[in-house]
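Working notes for the structure below.
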Amino acid sequence: MKSIFDDKIDKQDLYLLKQHSAIDQDQLQEITNKESYAGLGDWKRFIKYFILLMGSGLLISGIVFFFAYNWNDLPAFAKFAIVLLLIGVCVVVSVTNRLSSLLRKVGLLSASVLIGVLMAVFGQVYQTGANAYDLFLSWTVAITAWTLVSKSSMQWLFQIFLVNLTIYLYLDQVIVDYSFFSVMALVLVINVVLFGLPYWLSRYQNYTMAEYYKGVMALFCSAIAVFIISARIFVSYNADAGELNGQVIGILLSIVWLVGCYLISLKNKDIILFSYTGLSVATIGLMFLIRAFEIDGLAFLLYAIYVLAVTFGLIKLIMNKHKRWNHEAE
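Everything in the sequence shown is counted per full-length UniProt numbering, starting at 1 for the first residue and increasing by one.
See the structure below:
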């Protein structure tokens, strides 16, 4: 028989149910065990996915260390043949409809990682002398088509990781002299666009992005926005004009992102975006506090009081908002 509860029930709600109903302690305990705690099926599903992801990660790691340890003993043909064979196996797994959706997505992600291994092998064998930036740029471009059709949150996160790593290496190895605020504003825009791109594609490809994708990307974009604002707080007021280029655009974009997250969280009743917005504002407040007072014993006490008070206030606010939205949804 299907449970009358669609999701796990908060224990506090069950205690309120007991206070306003005729159920006894034994019945409450039975409902709590059944509806609030993870059951055998939940644990089996978690272990299955955990072992699958760990196994895939260890397999890829083993391949990488195999090459590292036996590099000088392997002929060039063997190096390419092994990597290409593994890529082929992973691609076949990713397109086999008889396999589960998760296994196919893990296969595609593994193939994407092995593309980078293949490029590294090519560079080492033929001594191309390319920068690390060139390797990661080629890697990013090579798997872009897979990512666009993957319908996989894991694949999108990996693609975005490569994009950001490529940008970092480009700034480090190619463009040494650049405006910090202009670059960070551009990085924020790129990540926000990449954040929203799979949601836009999902309208035409009929899939849903996982919640962890939204959580990771919203946190990362919020961290960039907070970093831009915090950097401006601590920049000396007599800094060179070149160091401050793009500061207005960077700060405005950061504020737009944070305000947008807050408004979207209210519209969609999204507790993740609401929490990140509150945490971002609290962090910016702490940065202002650190900038305003010289670092000494009294200042550290003030920082500690602020952190404790804001943490308690945020937790209380988020819990109340979450409970209110849950009740409105019912």
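Virtual Cβ for every residue (Gly too), placed ideally from N, Cα, C. Nothing here was measured: the structure is a model prediction, and the numbers come from that model.
Nearest to residue i (by Cα), restricted to the options the options
{"i": "Val121", "options": "Phe300, Val83, Ile47, Trp43", "result": "Val83"}
{"i": "Cys90", "options": "Phe77, Ile115, Phe80", "result": "Ile115"}
{"i": "Tyr133", "options": "Val149, Leu165, Ala145", "result": "Leu165"}
{"i": "Leu273", "options": "Leu301, Asp172, Lys214, Thr140", "result": "Lys214"}
{"i": "Lys269", "options": "His322, Trp139, Ala145", "result": "His322"}
{"i": "Gly107", "options": "Leu118, Gly88, Gly123, Gln124", "result": "Gly88"}
{"i": "Leu86", "options": "Val117, Met184, Lys105, Tyr168", "result": "Val117"}
{"i": "Val163", "options": "Val149, Leu102, Ile175, Leu135", "result": "Leu135"}
{"i": "Asn131", "options": "Leu99, Trp146, Gln173", "result": "Gln173"}
{"i": "residue 360", "options": "Val92, Lys79, Phe161, Gln159", "result": "Any question about residue 360 goes unanswered here, given that the chain covers just 1 to 330."}
{"i": "Phe77", "options": "Asn320, Tyr126, Gly55, Thr140", "result": "Tyr126"}
{"i": "Val192", "options": "Leu298, Val235, Leu157", "result": "Leu157"}
{"i": "Ile160", "options": "Leu317, Met217, Ile60", "result": "Met217"}
{"i": "Ser150", "options": "Met209, Ile175, Ser179", "result": "Met209"}
{"i": "Leu59", "options": "Trp43, Ser110, Asp42", "result": "Ser110"}
{"i": "Val113", "options": "Phe195, Trp43, Gly62, His327", "result": "Gly62"}
{"i": "Arg324", "options": "Ile167, Trp139, Leu266", "result": "Leu266"}
{"i": "Leu253", "options": "Glu294, Cys221, Ala81", "result": "Cys221"}
{"i": "Leu148", "options": "Leu102, Tyr168, Met119, Asn206", "result": "Asn206"}
{"i": "Leu169", "options": "Trp146, Gly196, Leu99, Ser138", "result": "Ser138"}
{"i": "residue 338", "options": "Ile271, Phe300, Arg291, Tyr303", "result": "The structure shown does not extend to residue 338, since the chain is modelled only from 1 through 330, so no value can be given for it."}
Where residue i sits in the DSSP three-state scheme
{"i": "Met209", "result": "coil"}
{"i": "Gly55", "result": "helix"}
{"i": "Asp6", "result": "With a pLDDT of 44 at Asp6, under the threshold of 50, the predicted position of this residue should be treated as unreliable, though the coordinate-derived value follows. Residue state, collapsed to three classes: coil."}
{"i": "Asn326", "result": "helix"}
{"i": "Val174", "result": "coil"}
{"i": "Lys316", "result": "helix"}
{"i": "Lys321", "result": "helix"}
{"i": "Asp296", "result": "coil"}
{"i": "Lys214", "result": "helix"}
{"i": "Lys48", "result": "helix"}
{"i": "residue 392", "result": "Here the chain comprises residues numbered 1 to 330, so residue 392 is not present and cannot be evaluated."}
{"i": "Leu157", "result": "helix"}
{"i": "residue 331", "result": "Residue 331 is absent from the model: the chain starts at 1 and stops at 330."}
{"i": "residue 331", "result": "Residue numbering for the chain in the displayed model covers 1 to 330; residue 331 lies beyond these limits and cannot be assessed."}
Buried or exposed by the 16-neighbour rule on C-beta atoms within 10 Å, applied to residue i
{"i": "Leu263", "result": "exposed"}
{"i": "Ser152", "result": "buried"}
{"i": "Val187", "result": "buried"}
{"i": "Asp6", "result": "Confidence is the limiting factor: at Asp6 the pLDDT is only 44, short of 50, which leaves the residue's position unreliable, though a coordinate-based value still follows. Flag for Asp6 reads exposed."}
{"i": "Val95", "result": "exposed"}
{"i": "Ile305", "result": "exposed"}
{"i": "Gln155", "result": "buried"}
{"i": "Ile229", "result": "buried"}
{"i": "Gly41", "result": "exposed"}
{"i": "Trp200", "result": "exposed"}
{"i": "Arg98", "result": "exposed"}
{"i": "Met54", "result": "exposed"}
{"i": "Arg291", "result": "exposed"}
{"i": "Lys105", "result": "buried"}
Beta-carbon contacts of residue i that lie in its chain and below 8 Å, excluding the five residues immediately before and after
{"i": "Arg232", "result": "Phe181, Gln247, Gly250, Ile251"}
{"i": "Thr144", "result": "Gln159"}
{"i": "Asn245", "result": "Ser179, Phe181, Ser182"}
{"i": "Thr140", "result": "Gln159, Leu162, Val163, Thr166"}
{"i": "Pro198", "result": "Ser153, Trp156, Met209, Tyr213"}
Residue span of the alpha helix (DSSP H) that contains residue i, given as start and end
{"i": "Ser101", "result": "101-126"}
{"i": "Val83", "result": "76-95"}
{"i": "Ser265", "result": "247-268"}
{"i": "Phe288", "result": "271-292"}
{"i": "Asp73", "result": "It is not in any alpha helix (DSSP H) - Asp73 carries neither H nor E in the DSSP assignment."}
{"i": "Val149", "result": "132-150"}
Interface flag, residue i vs chain C, CB-CB below 8 Å
{"i": "Glu294", "result": "Here chain C cannot be found, since the structure has a single protein chain."}
Neighbourhood of residue i by C-beta, 7 Å cutoff - its chain only, sequence neighbours within 5 removed
{"i": "Ala282", "result": "Val310, Leu314"}
{"i": "Ile284", "result": "Val226, Ile229, Ser230"}
{"i": "Ile224", "result": "Met184, Val187, Leu188, Asn191"}
{"i": "Phe195", "result": "Met217, Cys221"}
{"i": "Ser280", "result": "Ser222, Ala225, Val226, Leu258"}
{"i": "Thr277", "result": "Leu258, Cys261, Tyr262, Ser265"}
Beta-carbon contacts of residue i that lie in its chain and below 6 Å, excluding the five residues immediately before and after
{"i": "Ser3", "result": "Residue confidence is low: Ser3 scores 42 on pLDDT, short of 50, so the model does not pin down where it sits. Its coordinate-derived value is still stated next. Around Ser3: no qualifying Cβ."}
{"i": "Met1", "result": "Confidence is the limiting factor: at Met1 the pLDDT is only 37, short of 50, which leaves the residue's position unreliable and the question unanswerable from this model."}
{"i": "Met287", "result": "Ser230, Ile233"}
{"i": "Ile318", "result": "Ser275"}
{"i": "Val93", "result": "Gly107"}
{"i": "Glu294", "result": "none"}
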